[in-house]
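J.: Residue numbers (this note's numbering), protein chains in the order written: chain G, 1 to 138; chain Z, 1 to 400; chain D, 1 to 143.
Glycine included, C-beta positions come from ideal geometry on N, C-alpha and C.
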Amino acid sequence: MSLKIKALKKSLWVYHMSGGSCNNCDIEILACLDPRFDIERFGMTLVGSPRHADVLLCTGIINKKCVERVKEVYAQTAKPCVVVAIGACSCSGGIFRDGYQMGGPLDKLIPVDIYIPGCPPKPEAMIAGIVKLLEKLK
Amino acid sequence: MAEDKKKKVIVPIGPYHPLLEEPEFFALYCDGEKVVDVDWQAGYNHRAIEKLSEAKHWDQVTFLVERICGICSTSHPFAYCNAVEDLLGASVPERARYIRCIIGELERIHSHLLWVGLAGHFLGYNTVFMWAWKYREPVLDMFEIITGNRNHYAMFKIGGVRRNIEEEDMPALRRVLKGLKVQLEMLTHAVLDDPVLGARLKGVGVLTKEHIKNFGAVGPVARASGIGGDIRKDDPYAAYPMLDFKVITAEHGDVFDKAVVRLLEMFESIKIIEQSLDAIEGKGGDIQTEIRDIPPGEGIGRHEAPRGECFHYIKSDGTNRPVRHKIRAPSYTNIPTFKASCIGQMIPDVAIILAGVDPCYCCTERVAVYDAGNKKKQMYDFSRLVEMSRQKTEKIKKEI
Amino acid sequence: MNVLDTLKEKLGGSIKELKAHNAKRIYITVDRADVKKCLKILFRDLDARYIVASGVENFDSFEILYHLGFDGEGTVVSVRTYLDRGKPEIESMTSIIPGISYIEREMKELLGINFTGHPGLTHFLLRDDWEEGNYPLRKAKNG
Ligand code: SF4
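1. Any beta carbon of chain G sitting closer than 9 Å to that of D/R138?
2. State yes or no: is the C-beta of G/P123 within less than 9 Å of the C-beta of G/C58?
3. Could you tell me whether any non-hydrogen atom of the ligand SF4 is closer than 8 Å to the CB of Z/N151?
4. Helix or strand or just coil, what does DSSP make of Z/S402?
5. Helix, strand or coil for Z/H401, going by three-state DSSP, please let me know.
6. For D/G143, which three-state DSSP category applies?
7. Residues of chain G with CB under 9 Å from Z/M130, in chain order?
8. Does G/E124 get closer than 9 Å to chain D when you measure Cβ to Cβ?
9. In angstroms with no decimal places, state the Cα-to-Cα distance between D/S78 and G/K132.
10. Considering only their Cβ atoms, is the gap separating D/H67 from D/V56 smaller than 9 Å?
11. Tell me, please, whether the CB atom of D/L111 is closer than 9 Å to any CB atom in chain G?
12. Considering only residues of the same chain and omitting the five flanking positions on each side of D/A20, which have a CB-CB separation below 7 Å?
13. Tell me the DSSP bridge mates of G/W13?
14. Decide if Z/S331 is buried, meaning its Cβ has at least 16 other Cβ atoms within 10 Å, or exposed.
15. For the alpha helix (DSSP H) that contains Z/E85, what are its first and last residues?
16. Under the rule that 16 or more other beta-carbon atoms within 10 Å means buried, what is Z/K213, buried or exposed?
17. Give me the residue from Z/R302, Z/A355, Z/F338, Z/K181 with the minimum Cα distance to Z/T208.
18. Roughly how far, in whole angstroms, is the beta-carbon of D/K8 from the beta-carbon of D/V76, given that I think they are within contact range, below 8 Å?
19. Looking only at its own chain, which residues have a Cβ that is under 7 Å from the Cβ of G/L3, when we skip the five neighbours before and after it?
20. For a contact meaning CB atoms closer than 9 Å, what does Z/F311 contact in chain D?
21. What would DSSP say about Z/V139, mapped onto helix, strand or coil?
22. Name the two residues that bound the continuous beta strand (DSSP E) containing Z/P322.
23. With respect to the beta strand (DSSP E) encompassing D/Y50, which residues constitute its N-terminal and C-terminal limits?
24. Measuring only between beta-carbons, confirm whether G/K64 sits less than 9 Å from chain D.
25. Using a Cβ-Cβ cutoff of less than 8 Å, which residues in the same chain neighbour G/I5 once the five nearest sequence positions on both sides are dropped?
26. Skipping 5 residues on each side, what residues in its chain have a beta carbon closer than 6 Å to that of G/Q101?
27. Below 8 Å on C-beta distance, what does Z/K51 contact in chain G?
28. Could you please give the first and the last residue of the uninterrupted alpha helix (DSSP H) stretch that includes Z/E107?
29. Going by C-alpha to C-alpha distance, which of G/I114, G/D98, G/I86 sits closest to G/N24?
30. For chain Z, is any of its Cβ atoms less than 9 Å away from the one on D/K10?
31. Among Z/V84, Z/R324, Z/V221, which residue has its Cα nearest to the Cα of Z/I49?
32. With 16 as the cutoff for other CB atoms within 10 Å, does Z/M186 come out buried or exposed?
33. On a CA-only basis, which of G/L8, G/E28, G/S21 is nearest Z/L114? Give me that one, please.
34. Return no unless some Cβ of chain G is closer than 9 Å to the Cβ of Z/C362.
35. What does Z/N151 reach in chain G if we use C-beta pairs closer than 8 Å?
36. So, at 6 Å on beta carbons, what are the nonlocal neighbours of Z/L201 in its own chain, with the 5 sequence-adjacent residues on each side left out?
Below is the structure:
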């Protein structure tokens with residue numbers, strides 16, 4: 001295992017961005033922080049800048065106005081960086097895929113490592129997804 | 001004006017801000033620490049819902065409008081069903097009306113708790129965030145018991161509701177409500193009696209009645225300024241005419257009063273839910289009427305969402321899909337009030353004034369400060385703005 | 001006095017058609033030239049609350065509905081006006097209702113209705129480099 005991956009696995013810092021979501025996925029991400037789910041016990045925390053991030057959580061259809069911003073944010077993250085597509089919207093476009101503002105889905109724009117489907121996925125599902133990812137990195 | 005603006009520092013806020021179809025991007029024009037003007041730019045979350053709705057069956061539209069906003073995911077189907085029923089002149093079975101009210105009010109509680117938590121977070125009171133979000137979980141559990149999902153409940157259907165509230169679930173619901181009341185009381189006192197929060201929020205971001213009128217602001221924002229508009233009372237629908245509740249208003253129109261209105265509204269919501277449960281417990285009854293054709297015509301439906309009046313206009317030509325579906329979410333008229341409430345305020349207060357209107361602030365925001373005067377450009381992220389807000393709270397804490 | 005009678009009295013001559021769908025939903029049709037006058041009476045004199053405006057595309061015309069609410073009575077009054085199909089254009093109402101500016105910008109870019117005298121009719125929801133003349137909410141567009 002390379003040193004970088006080893007360091008990455010220790011304590012994941014998560015940057016969350018939304019590119020045209022209904023907000024529910026974002027709330028469920030925040031709900032992971034609350035006392036019931038408490039992802040901080042795994043050493044994960046939300047950070048305010050992509051430059052600090054190990055994991056990029058993306059939600060939403062990535063609307064045409066956001067396309068450049070998503071690419072920009074991805075370029076700003078320190079590599080290796082894990083990209084997670086959360087929710088039906090960012091995995092495939094979900095109910096909005098035929099709209100005129102559809103700029104995504106996410107994997108058309110940046111490489112995605114894991115998909116967590118659901119509308120919205122439960123916090124448990126998100127945690128399970130990240131745990132699977134950690135195992136995959138090993 | 002344009003000349004004038006050039007000399008000021010511009011602070012753009014946004015654009016990631018997933019509040020409805022249209023999240024926003026704000027540019028604050030600042031003179032030193034003072035905000036002199038605000039610009040609003042939306043569209044980063046525009047998902048073509050009005051267009052998509054024209055390509056969906058009447059019944060499918062309920063699922064689409066639910067996904068306008070994750071926090072108000074009952075408000076939009078509620079208003080939409082009201083609109084279609086207005087067109088039809090149809091009536092809804094009594095049990096379904098009460099169930100609609102229960103879902104609508106549960107949503108109000110969860111949305112207001114979410115707001116209290118985030119507002120606390122912006123002020124540097126993370127304990128408030130943790131508390132509020134902890135107490136929000138039982139509400140989501142209730143949703144899970146009733147509808148099967150934590151969010152996006154898919155309960156609404158033209159002519160009724162899709163699922164019944166089972167009799168055997170009632171005791172569990174009542175138990176959660178009872179526990180919730182105690183917790184909310186504790187939280188309300190903790191927030192309202194805190195001298196620091198009072199000093200920090202009173203007199204900040206004041207909106208007068210005139211501002212409210214000009215921008216057409218609704219909901220808790222308007223009620224905090226002493227305007228008692230509430231669709232549940234003014235234009236009663238569902239079971240609201242049969243329920244007993246108060247409309248909470250406050251006077252000063254500052255952020256503190258907005259918090260007061262929201263906190264007290266939650267108790268009214270609990271009252272409504274308890275009454276509704278009493279009304280349907282042990283009595284069976286239909287939960288939907290069969291509706292097949294939608295004749296040509298137009299209809300308007302309104303619902304008092306947690307953030308204010310949600311308005312849907314639909315036009316039918318007799319086919320199986322709407323020809324036009326106009327959606328107006330409450331924040332659409334609430335957000336422009338920033339133009340009035342932010343001007344003349346300090347930059348550290350902006351975060352909480354923006355939050356005061358409750359445009360779901362859960363999304364990560366990026367803020368850049370442009371010093372247009374000397375062509376210097378500084379990038380901040382949103383956390384910097386929150387940081388400034390917190391520092392100010394700390395300062396007040398020390399002074400008190 | 002209820003809203004219906006007040007409307008008849010105050011707007012009298014300008015009303016071309018008055019339709020009360022039910023007691024709480026009133027639709028009035030007025031000439032394009034009279035819209036400003038009517039909105040002024042409704043919004044300023046009768047103290048109605050501005051709700052929103054919706055633009056609708058028909059086969060042979062465009063129409064705009066200005067929805068105003070009378071909160072005391074719980075009535076929604078929708079002022080309807082028809083615009084030319086070929087050149088949809090109407091005066092901007094921002095001087096009467098400041099909050100209406102955003103919805104006018106939205107109608108401009110989604111439906112292509114022009115508002116004369118609007119202070120800044122720039123892109124609001126769509127990208128700044130959105131193709132001119134491509135109005136997504138028009139029926140001919142299927143995207
Ligand atoms: S996947 Fe569902 S919950 Fe998530 S942003 Fe999309 S519509 Fe909302």
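T.: This is what the structure gives:
1. Here residue 138 of chain D refers to the residue found at position 138 when the third sequence is read from its first residue. Answer no: the Cβ-Cβ gap between D/R138 and chain G never drops below 9 Å.
2. Along the first sequence, one-based indexing puts residue 123 of chain G at 123. Along the first sequence, one-based indexing puts residue 58 of chain G at 58. No. Outside cutoff.
3. Position 151 of the second sequence, counting from 1, holds the residue named residue 151 of chain Z. Checking the Cβ of Z/N151 against the ligand SF4 gives yes.
4. Because residue 402 of chain Z is not part of the residues shown, which for chain Z are 1 to 400, the question remains open.
5. Any question about residue 401 of chain Z goes unanswered here, given that chain Z covers just 1 to 400.
6. Reading the third sequence from its first residue, position 143 is the one you call residue 143 of chain D. Because D/G143 sits at a pLDDT of 42, beneath the cut-off of 50, its placement in the model cannot be relied upon, and the following sentence gives the value as read from the coordinates. Three-state result, D/G143: coil.
7. Here the question's residue 130 of chain Z lines up with position 130 in the second sequence. Annotation: Cβ neighbours of Z/M130 in chain G (cutoff 9 Å, chain order): L33, D34, P35.
8. If you number the first sequence from 1, residue 124 of chain G lands on position 124. At a cut-off of 9 Å between beta carbons, G/E124 makes no contact with chain D.
9. Taking the first residue of the third sequence as 1, we reach residue 78 of chain D at position 78. Taking the first residue of the first sequence as 1, we reach residue 132 of chain G at position 132. For D/S78 and G/K132, the distance between alpha carbons rounds to 55 Å.
10. Against the third sequence, residue 56 of chain D aligns to sequence position 56. Against the third sequence, residue 67 of chain D aligns to sequence position 67. Not in contact: D/V56 and D/H67 (Cβ atoms no closer than 9 Å).
11. Here residue 111 of chain D is taken as the residue at index 111 of the third sequence, counted from 1. No, its Cβ sits nowhere closer than 9 Å to a Cβ of chain G.
12. For the purposes of this step, residue 20 of chain D is taken as the residue at position 20 of the third sequence. Excluding residues within five positions, the ones whose Cβ falls inside 7 Å are L4, I26.
13. In the first sequence, counting from the first residue as 1, residue 13 of chain G sits at position 13. According to DSSP, which records beta bridges pairwise, G/W13 is partnered with G/T45.
14. Start at 1 with the first residue of the second sequence, and residue 331 of chain Z comes out as number 331. Classification of Z/S331: buried, given that the 10 Å Cβ count is 16 or more.
15. As a working note, residue 85 of chain Z is residue 85 in the second sequence. Counted as a single uninterrupted DSSP element, the alpha helix (DSSP H) harbouring Z/E85 occupies residues 75-88.
16. For the purposes of this step, residue 213 of chain Z is identified with residue 213 of the second sequence, where counting begins at 1. Buried, by the Cβ-count rule.
17. In the second sequence, the residue the question calls residue 208 of chain Z occupies position 208. Out of Z/R302, Z/A355, Z/F338, Z/K181, Z/F338 has the C-alpha closest to the C-alpha of Z/T208.
18. Numbered from its first residue, the third sequence carries residue 8 of chain D at position 8. Numbered from its first residue, the third sequence carries residue 76 of chain D at position 76. Actually they are not in contact, since the Cβ atoms of D/K8 and D/V76 sit about 17 Å apart, beyond 8 Å.
19. Taking the first residue of the first sequence as 1, we reach residue 3 of chain G at position 3. Excluding sequence neighbours, G/L3 sits near nothing in its chain.
20. The residue labelled residue 311 of chain Z in the question sits at position 311 within the second sequence. Under the 9 Å cutoff, chain D gives I51, V52, H67, G69, V76.
21. What you label residue 139 of chain Z is simply residue 139 of the second sequence in a count that begins at 1. DSSP places Z/V139 in helix when its eight states are reduced to three.
22. The residue given as residue 322 of chain Z occupies position 322 in the second sequence. Per DSSP, Z/P322 belongs to the beta strand (DSSP E) from 322-328.
23. Position 50 of the third sequence, counted from the start, is the residue given in the question as residue 50 of chain D. It spans 49-57 - the beta strand (DSSP E) in which D/Y50 sits, taken as one unbroken run.
24. Taking the first residue of the first sequence as 1, we reach residue 64 of chain G at position 64. It does: the Cβ of G/K64 has a partner Cβ on chain D nearer than 9 Å.
25. As a first step, residue 5 of chain G must be located in the first sequence, where it is residue number 5. Around G/I5: P80, L137.
26. Numbered from 1 along the first sequence, position 101 holds the residue referred to as residue 101 of chain G. Excluding sequence neighbours, G/Q101 sits near N63, K64.
27. The residue you call residue 51 of chain Z lines up with position 51 of the second sequence. By Cβ distance, chain G contributes G99, Y100.
28. Counted from its first residue, the second sequence places residue 107 of chain Z at position 107. Where Z/E107 is concerned, the enclosing alpha helix (DSSP H) stretches over 94-123.
29. Position 24 of the first sequence, counted from the start, is the residue given in the question as residue 24 of chain G. Taking the Cα of G/N24 as reference, the smallest distance to any Cα among G/I114, G/D98, G/I86 is reached at G/I86.
30. Taking the first residue of the third sequence as 1, we reach residue 10 of chain D at position 10. It does not; no Cβ of chain Z falls within 9 Å.
31. For this step, residue 49 of chain Z is matched to residue 49 along the second sequence. The residue with the shortest Cα to Cα distance from Z/I49 is Z/R324.
32. Indexing the second sequence from 1 puts residue 186 of chain Z at position 186. Counting of Cβ neighbours within 10 angstroms places Z/M186 among the exposed residues, the total staying below 16.
33. Working through the second sequence from its first residue, we reach residue 114 of chain Z at position 114. The shortest C-alpha to C-alpha distance from Z/L114 to any of G/L8, G/E28, G/S21 is the one to G/E28.
34. Locating residue 362 of chain Z in the second sequence gives position 362, counting from the first residue. Since pLDDT at Z/C362 reaches only 28, below the 50 mark, its modelled position is unreliable, and no value is offered.
35. As a position in the second sequence, residue 151 of chain Z is number 151, starting the count at 1. For Z/N151, the chain G residues whose Cβ falls inside 8 Å of its Cβ are N24, I27, E28, P120, in order along the chain.
36. Here residue 201 of chain Z corresponds to residue number 201 of the second sequence, with the count starting at 1. Contacts found: V255, F256.
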